[in-house]
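**Student:** Take the sequence shown: its position 44, counted from the start at 1, is 1154 in the working numbering, and no numbers get skipped.
We treat Cβ as the ideally placed atom computed from N, Cα and C, and that holds for glycine.
All values reported here derive from a predicted model rather than from experimental measurement.
Before anything else, here's the structure in question.
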Amino acid sequence: MSVLPDHLLRYQKFIGFMLKYWNSDLFGNAASKALEGNTANSENSYEQTPNELVEDLKNMGPTYIKMGQLLSTRPDLLPDDYLKALATLQDDVPAIPYNEVQQIVEEEIGTKISKAFKSFEEKPLASASIGQVHKASLRSGKPVAVKIQRPGIKKQFLLDLDTLKELAELAVKHSSTAKKYAFDDVLAELRRILLQELDYNREAQNLITLGENLKSFKDLIVPQPIQDYSSGKVLTMEYIEGQKITSISPLKQIEVDYAPLVDQLVNAYLKQVINDGFVHADPHPGNIQFTKDDKIALIDLGMVARFSPAMKNYILELLLAISSNNGEETARILLNMSEVTENANLKYFKKTISDIIMASEHSTAKDMQTGRLLIQLNRLAAENGIHLPVEVNILGKILLNMDQIIAVLDPDFDLRDAIKRHANKIMRDKMYEELKPENFFSSVLASKKFIEYLPDRLNTISKNLSENEFSIKIDAFDEKRVTDGFQKVANRITLGLIIAAMIIGAAMLMQVPSDFMILGYPGLAMIFFLLAAIGGIILSYIIVFRDENLNNKD
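As structure tokens, then:
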């Protein structure tokens, strides 16, 4: 690892942070304590509080703020109080001066602000590490939100990420804890997320995709981009006037029945995860707005997750098993979708899974059990040598945020019952998806090829059987090589015994008087001795030189 002078500050900053928290045993003991049910007092269990961790990450800069937000999806590393603090981690940075904002917007969209917009507020609505948002209106009068990327932020992120990558690789190489919790994978995921968030063209496409996927939900809104005034560093989209969904007044909660809206929101996220495989991956309360006409707006599509067809099936099975309180089935599905190490304690894992599922039965949203349950499963898997796919972590974060929202809007809402109720529709939609023309014809084409070649293959098999030429090749060990090796060993043992016998015989013949003498010794004894010596030399040569060459060839 090369430590260049211009990197010293970044290395010193990160190493100082790790020394502070590594010595506190926060990362080392959090998982096991959480499994024992001690998360309630976790803030008092460690020298550093969750708020102190959040402030330290803020002081280290935007890259580390994003890393903290990513760590909020790793319940196998931190206890609940720290996860909740990190999930709400927001950067408080100075706003970009308006003259810089004006320059960036005009360079990106290719026209002056005064021509593109009827009005453009100089004071930003929000300012974050990656960019800030200004309210504006188009020439038509339509209100829009304009998000501008902070200048130089991409270069800063990449420098910090390169530093973190080097240190993570070093830690994984020399620390069993870092290897166990895959710190290098955490950093690789952080890099992927950040590069996606830095591309506003991608976020604009995400808004379009999610809006299309959720168009059947009449009470859910996804603001759409204004393509003509958007680029890689500027994103103009429909303006949503609303409030944080968890900030609804208690009086309004009593007056309005939000159960249908909650059910619709849950159904929408189940559809995203299981049917579409394209998910709004950061649904914390700040990114889900409650509008004046009692609708829900999903905003900030910089962070999305994509699930493969196989993973979608696993997630569906997992959710149905959990909602049915089937611990054994839950454990089986988790093992099927995971990477299991040699030292995995499968018996303990299965038993504990069953205990956790049974203990969480009949929980309501106000108990916040759904997301917490997946957090426990993640921790349990990590502690027992089982590596769950990252999609399970993402699902856990989504459900944890859903729990917070549901607990405010409808505390008695039963999320497990909702999963059961929507399961039939989810399965039906998946079947319709598989029966689409493109999927149907690909299956027909594969079946056609199979049927087309089947008679010829059956004819070949029957012909070989009738002519006694049918054979099965098993790719196992080389039987001939093994038997040849045993034969070689046996031959050398036999030859060694013969040589030893000749030496003993020659020694005994030395005592027998004879007229045939060689060098003053009985001739027959000397012949046996010389033959034994020559044989021993040849055998030694073969063992030392010929066998070594053979091993080198292998």
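Report the start-end ranges of each beta strand (DSSP E) in the segment 1343-1407 that is 3 residues or longer and not cut off at the edges.
**Tutor:** Within the segment 1343-1407, the complete beta strand (DSSP E) runs of at least 3 residues are 1344-1348, 1352-1354, 1388-1390 and 1398-1401.
**Student:** I need the boundaries of the alpha helix (DSSP H) containing Gln1213, first residue and last residue.
**Tutor:** It spans Tyr1208 to Ile1219 - the alpha helix (DSSP H) in which Gln1213 sits, taken as one unbroken run.
**Student:** If we count the other Cβ atoms within 10 Å of its Cβ and call it buried at 16 or more, is Arg1538 buried or exposed?
**Tutor:** Exposed, since its Cβ has fewer than 16 Cβ neighbours within 10 Å.
**Student:** Spatial neighbours of Ile1336 within its chain, please: C-beta separation below 8 Å, excluding the five flanking residues on both sides.
**Tutor:** Excluding sequence neighbours, Ile1336 sits near Leu1248, Val1254, Thr1346, Met1347 and Glu1348.
**Student:** Give me, in chain order, the residues of the same chain whose beta-carbon lies closer than 7 Å to that of Glu1427; leave out the 5 immediate sequence neighbours on both sides.
**Tutor:** The answer, listed in chain order, is Ile1443.
**Student:** Using DSSP with H/G/I as helix, E/B as strand and the rest coil, what is Gln1334?
**Tutor:** Gln1334: coil per DSSP, three-state reduction.
**Student:** List the residues that DSSP assigns as beta-bridge partners of Gly1523.
**Tutor:** The question names Gly, but residue 1523 in the sequence shown is Phe. Partner(s): none; Phe1523 has no beta bridge.
**Student:** So the beta strand (DSSP E) Ala1454 belongs to, where does it begin and stop?
**Tutor:** It is not in any beta strand (DSSP E) - Ala1454 carries neither H nor E in the DSSP assignment.
**Student:** Leaving aside the five residues before and after Asp1294 along the sequence, list all residues of the same chain whose C-beta is less than 7 Å from its C-beta, in chain order.
**Tutor:** These residues qualify, in order along the chain: Ala1278, Glu1279 and Val1282.
**Student:** Counting along the chain, where does the beta strand (DSSP E) carrying Val1254 start and finish?
**Tutor:** It spans Pro1253 to Gln1259 - the beta strand (DSSP E) in which Val1254 sits, taken as one unbroken run.
**Student:** What separation, rounded to the nearest whole angstrom, lies between the Cα atoms of Ile1415 and Lys1325?
**Tutor:** Ile is not the amino acid found at residue 1415; the sequence shown has Ala there. The alpha-carbon atoms of Ala1415 and Lys1325 are separated by roughly 19 Å.
**Student:** Evaluate the contact criterion for the segment 1436-1456 versus the segment 1208-1219: three or more CB pairs, one atom per stretch, below 8 Å.
**Tutor:** As far as the Cβ criterion goes, the segment 1436-1456 does not touch the segment 1208-1219, which means the pair count is below three.
**Student:** For the beta strand (DSSP E) containing Ser1229, list its first residue and its last residue.
**Tutor:** It spans Phe1227 to Phe1230 - the beta strand (DSSP E) in which Ser1229 sits, taken as one unbroken run.
**Student:** CA-CA distance, Leu1519 and Leu1199?
**Tutor:** Going by the C-alpha atoms only, they are around 23 Å apart.
**Student:** Grouping DSSP H, G and I as helix and E and B as strand, with all else coil, what is Ala1298?
**Tutor:** Note: Ala1298 maps to helix in three-state DSSP.
**Student:** Can you tell which of Lys1405, Asp1465, Ala1528 and Asn1601 has its C-alpha closest to the C-alpha of Asp1067?
**Tutor:** Because residue 1067 is not part of the residues shown, which for the chain are 1111 to 1664, the question remains open.
**Student:** Taking the continuous alpha helix (DSSP H) assigned at Ala1431, which residues delimit it?
**Tutor:** That run of the alpha helix (DSSP H) goes Pro1419 to Ser1433.
**Student:** Can you tell me whether DSSP reads Gln1122 as helix, strand or coil?
**Tutor:** Helix, per DSSP.
**Student:** What three-state label does DSSP hand Ala1205 in the structure shown?
**Tutor:** The answer is coil: DSSP assigns Ala1205 none of H, G, I, E or B.
**Student:** How is Leu1114 classed by DSSP in three states: helix, strand or coil?
**Tutor:** Since pLDDT at Leu1114 reaches only 45, below the 50 mark, its modelled position is unreliable, and the value read off the structure follows with that caveat. Leu1114 falls in the coil class under three-state DSSP.
**Student:** Would you list the one or two residues that DSSP bridges to Leu1248?
**Tutor:** In the DSSP output, where bridge partners are listed per residue, Leu1248 has Phe1227.
**Student:** Run through DSSP, which three-state label would Val1414 get?
**Tutor:** Strand at Val1414.
**Student:** With distance defined between alpha-carbon atoms, name the residue in Thr1356, Ser1359 and Ile1425 nearest to Leu1380.
**Tutor:** Of the candidates Thr1356, Ser1359 and Ile1425, the one whose C-alpha sits nearest the C-alpha of Leu1380 is Ile1425.
**Student:** For Phe1227, collect the residues of the same chain with a Cβ closer than 6 Å to its Cβ; drop the 5 residues on either side in sequence, then sort them by chain order.
**Tutor:** So the list reads Ala1246, once near-sequence residues are dropped.
**Student:** Out of Tyr1368, Asn1453 and Ala1391, point me to the one whose CA is closest to Gln1179's CA.
**Tutor:** Ranking Tyr1368, Asn1453 and Ala1391 by Cα distance to Gln1179 puts Ala1391 first.
**Student:** Would you mind reading off the limits of the alpha helix (DSSP H) that contains Ser1650?
**Tutor:** Where Ser1650 is concerned, the enclosing alpha helix (DSSP H) stretches over Gly1633 to Tyr1651.
**Student:** Cutting at 6 Å between CB atoms, please list the residues of its own chain near Asn1154, excluding the five before and the five after it.
**Tutor:** Below a pLDDT of 50, predicted positions are generally treated as unreliable, and Asn1154, at 46, falls in that range; the measurement from the model is reported next regardless. Cβ neighbours of Asn1154 beyond the five flanking positions: none.
**Student:** Pairs of beta-carbons, one from the segment 1403-1420 and one from the segment 1364-1378, closer than 8 Å: are there three or more?
**Tutor:** Short answer: they touch.
**Student:** Could you tell me which of Val1383, Gly1262, Pro1172 and Met1627 sits nearest to Val1203, measuring between CA atoms?
**Tutor:** Comparing Cα-Cα distances from Val1203 to each of Val1383, Gly1262, Pro1172 and Met1627, the minimum goes to Pro1172.
**Student:** For Gly1630, which residues from the same chain have a beta carbon less than 8 Å from its beta carbon, with the 5 sequence-adjacent residues on both sides left out?
**Tutor:** Nothing listed; no residue qualifies.
**Student:** Please report the residue range of the alpha helix (DSSP H) in which Pro1160 lies.
**Tutor:** Pro1160 to Met1170 is the span of the alpha helix (DSSP H), which, as asked, contains Pro1160.
**Student:** Using the beta-carbon count (16 or more within 10 Å), is Ser1285 buried or exposed?
**Tutor:** Exposed, because fewer than 16 other Cβ atoms sit within 10 Å of the Cβ of Ser1285.
**Student:** In its own chain, which residues sit with a C-beta less than 7 Å from the C-beta of Tyr1368, not counting the 5 before and 5 after it?
**Tutor:** The residues are Leu1519 and Asp1520.
**Student:** Under the DSSP definition of a beta bridge, which residues are partnered with His1749?
**Tutor:** What the structure shows of the chain is the stretch from 1111 to 1664, and residue 1749 is not part of that stretch, so it cannot be assessed.
**Student:** On the three-state DSSP scale, how would you describe Asn1491?
**Tutor:** One detail in the question is off: residue 1491 reads as Ala in this sequence, not Asn. Three-state DSSP puts Ala1491 in a helix.
**Student:** When you compare each of Ala1492, Leu1484, Leu1490 and Ala1441 to Val1502 by their alpha carbons, which one comes out closest?
**Tutor:** Taking only the C-alpha atoms, the option nearest Val1502 is Leu1484.
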